[in-house]
Amino acid sequence: DNEICGMVHRMLKGIEPKEDFPSQPIFEEMLKDEHLLISDHTRRYLSEEIHFPGPVIDRANRSRWQEEGSLTLGERAEAEVAGIVSEYEPIRLNDETKQELTDLMLSEAKKFGMSSLPEI
């Protein structure tokens, strides 16, 4: 879903002209020299203008897809989620931040008649 949403989001954004786009003569020269894709302007905006999907979206041809195990979209998504979950390292809050959050939640809970927070 994440990859499909990313591609749809980019598509809905549409084409936005850039104020620093090269003038027509420079553009024509870059086209003639066949180096438009390596121009500074292109490299500057490439990552925000093109959505590169991750491993769940398979753009391989059929023979390559078969060589790589013929995984379905669901199987690729499941493998991606498993990888993300296995590599996850929780971020621990320091004691001071934990206490500040607890105090804030307790203050709000008291407004609704609670004398303490539920046990976790």
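Numbering (the numbering used here), first residue to last: 81 to 200. Glycine included, each C-beta is placed from N, C-alpha and C at the ideal position.
Asked: Where the alpha helix (DSSP H) through TYR125 begins and ends; Found: 120-129
Asked: Burial state of VAL136 (16 or more Cβ within 10 Å); Found: buried
Asked: Nearest candidate by alpha-carbon position, reference LEU173, set VAL165, GLU167, SER166, THR182; Found: THR182
Asked: DSSP-derived helix/strand/coil call for HIS53; Found: In the structure as shown, the chain begins at 81 and stops at 200. Residue 53 is therefore absent and cannot be evaluated.
Asked: Close beta carbons around LEU197, own chain, < 8 angstroms, minus the five adjacent residues each side; Found: THR182, MET185, LEU186, ALA189
Asked: Helix, strand or coil at MET185 according to DSSP, with G and I counted as helix; Found: helix
Asked: Pairwise C-alpha distance: ALA140 and LEU126; Found: 22 angstroms
Asked: Euclidean distance between Cα positions of GLU282 and LYS112; Found: Nothing can be reported for residue 282: it is not among the residues displayed for the chain, which extend from 81 to 200.
Asked: Through-space distance from GLU147 to ASP138, alpha-carbon basis; Found: 13 angstroms
Asked: Nearest-angstrom Cβ-Cβ length linking MET66 and SER119, presumed shorter than 8 angstroms; Found: This structure leaves residue 66 out entirely; the chain is present only between 81 and 200.
Asked: Own chain partners of HIS131 with C-beta closer than 6 angstroms, once the 5 adjacent residues on each side are dropped; Found: GLY86, MET87, ARG90
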